[in-house]
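To keep things clear, I will list the structure first and then write my remarks on it.
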Amino acid sequence: KTMVRKVNSAADRLPYRLDTQLIGWMIKNQQPLIIQNLETDERFQIVKNEDHFIRSLLAVPLQQKGKMIGVLTVFNKRGDVDFSDNDQRLLTIIGAQSAQVIESARLYLEEVEYQKMQQEMNLARKIQTNLLPSEIPALKDYEAYGISIPAQEVGGDYYDFIAKDSSCLIFCLGDVSGKGMPAALL
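Read left to right, the sequence shown gives residues -1 to 184 (my numbering).
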């Protein structure tokens, strides 16, 4: 059976207050914990509930790069036998693998968000490039050029050429202090 603990404000409906005590102990000690008789263990105070009584437990921290990211806990070994050191070793191995899977999933989601952001930045760069003039009007006896190369994907530089008539060309230049998206938005 899998027991997922959700926040519930009705304390009278909670058979145990292990949510803060067990997690707190695991955060403090960050090592496996075996309790063969939870009712007599002085570290944890429980409210006995005949429907969902936890007699014994085995808990291991889920650690990733020295940081605890969760706790894996099993309750009441079948056959009313005690948890053994072999059970602890097995759950520790499962916990290490689980922590790796959780971290991989987190990194995957982070990578998906990063790729989405990169696509949005590329779109912003295309939009910004399209705002710049594609052709420079010709002016007799003068050559004019313009280019904008942002330090990041987008930047705060802008230029334009406006032909007033055949003998007058207006140059428009803009340079916002800063770099990246904030400068581009300004």
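C-beta atoms are modelled at their ideal positions from N, C-alpha and C, and glycine is treated no differently.
If you draw a straight line from the alpha carbon of Gly68 to that of Gln126, how long is it in whole angstroms? Gly68 and Gln126 have their alpha carbons spaced roughly 45 Å apart.
Boundaries (first-last residue) of the beta strand (DSSP E) holding Ile67: According to the DSSP assignment, Ile67 belongs to the beta strand (DSSP E) that extends over Lys65 to Phe73.
Name the two residues that bound the continuous alpha helix (DSSP H) containing Pro180. Unbroken alpha helix (DSSP H) run through Pro180: Gly178 to Leu183.
Just checking, does the stretch 23 to 37 make contact with the stretch 50 to 57 on the three C-beta pairs under 8 Å criterion? Short answer: they touch.
Please report the Cβ distance between Gln62 and Ala97, rounded to the nearest whole angstrom; I am assuming they are in contact, meaning their Cβ atoms lie under 8 Å. For Gln62 against Ala97, the beta-carbon gap comes to about 5 Å, under 8 Å, which counts as contact.
Measuring straight from C-alpha to C-alpha, what distance separates Pro180 and Leu20? Cα to Cα, Pro180 sits roughly 46 Å from Leu20.
According to DSSP, Ile168 sits in a beta bridge with which residue or residues? Looking at the DSSP output, Ile168 sits in a beta bridge with Ile160.
With a threshold of 7 Å on Cβ separation, who are the neighbours of Asp80 within its own chain once the five nearest residues in sequence on each side are excluded? Excluding residues within five positions, the ones whose Cβ falls inside 7 Å are Gln34 and Ser54.
According to DSSP, simplified to helix, strand and coil, what is Ile32? Strand, per DSSP.
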